[in-house]
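Residue numbers (this note's numbering): 11 to 197.
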């Protein structure tokens, strides 16, 4: 496996873990801020529609962008900001804003990430190397779901959001390895 893929996997593991910590307890948090199931649904809608529309537009622009690693890092920065903004959510309006921030992060990061990942694939190992990424996401999210539940139970949601922010910052730091020379990343 090329170093470029290793660094991409490492970076995305941290971001996936951070976001996965809120996954199964998200509706409980929405209820804690006075929301209901429809509020949780509208917040998820805000994330998905923002991601979908912007990803379509941004991905076409990214095709012409030379340094995709910068977009990956920018996506992780926005993800960290989204995680931190959960700390300040006390209303449905702020929750929607947080979801929009995370949707923008996804729209910026995912197409650039996929382009870089595809670039570093070994010719005869495309299936297994994409499988590595898919496996990582499922395993990291599974572990994060349990960790997030325990963390929120013991320390509360506000502490969980700070932990998510800190963990997502690790993805920013590890993504900086993508700035190394191309020969190094292809080895």
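The beta-carbon is built from N, C-alpha and C at its ideal position, and this holds for glycine as well.
With contacts defined by Cβ atoms closer than 8 Å, residue 127 and residue 15 form a contacting pair. Counting along the chain, residue 193 sits inside the alpha helix (DSSP H) bounded by residues 192-195. Straight-line spacing of the CA atoms in residue 193 and residue 129 works out to 13 Å. A Cβ-Cβ distance of about 7 Å is found for the pair residue 53 and residue 40, placing them in contact under the 8 Å criterion.
Taking 8 Å as the cut-off, the Cβ atoms of residue 177 and residue 24 count as close. CA-CA distance, residue 33 to residue 59, rounds to 18 Å. The beta carbon of residue 35 sits closer than 7 Å to the beta carbons of 158, 159 and 162 from its chain, once the five residues preceding and following it are set aside; these are given in chain order. Beyond the five residues adjoining it in sequence on each side, residue 46 comes within less than 8 Å, by CB distance, of 40 in the same chain, given in chain order. If only uninterrupted alpha helix (DSSP H) runs of at least 4 residues are considered, those enclosed by the segment 50-130 are 78-96 and 102-130.
Residue 181 and residue 111 have their alpha carbons spaced roughly 17 Å apart. By a beta-carbon distance limit of 8 Å, residue 125 contacts residue 78. Their separation comes to about 5 Å. The beta carbon of residue 61 sits closer than 7 Å to the beta carbons of 113, 116 and 117 from its chain, once the five residues preceding and following it are set aside; these are given in chain order. Take residue 131, set aside five residues on each side of it, and the residues of its chain with a beta-carbon closer than 6 Å to its own are 139, in chain order. Counting along the chain, the unbroken alpha helix (DSSP H) around residue 174 starts and ends at 167-185.
By the CB criterion at 8 Å, residue 173 and residue 30 fall outside the cutoff.
The straight-line gap separating the alpha-carbon atoms of residue 63 and residue 196 is approximately 32 Å. Around the beta carbon of residue 95, 16 or more other beta carbons lie within 10 angstroms, which makes this residue buried.
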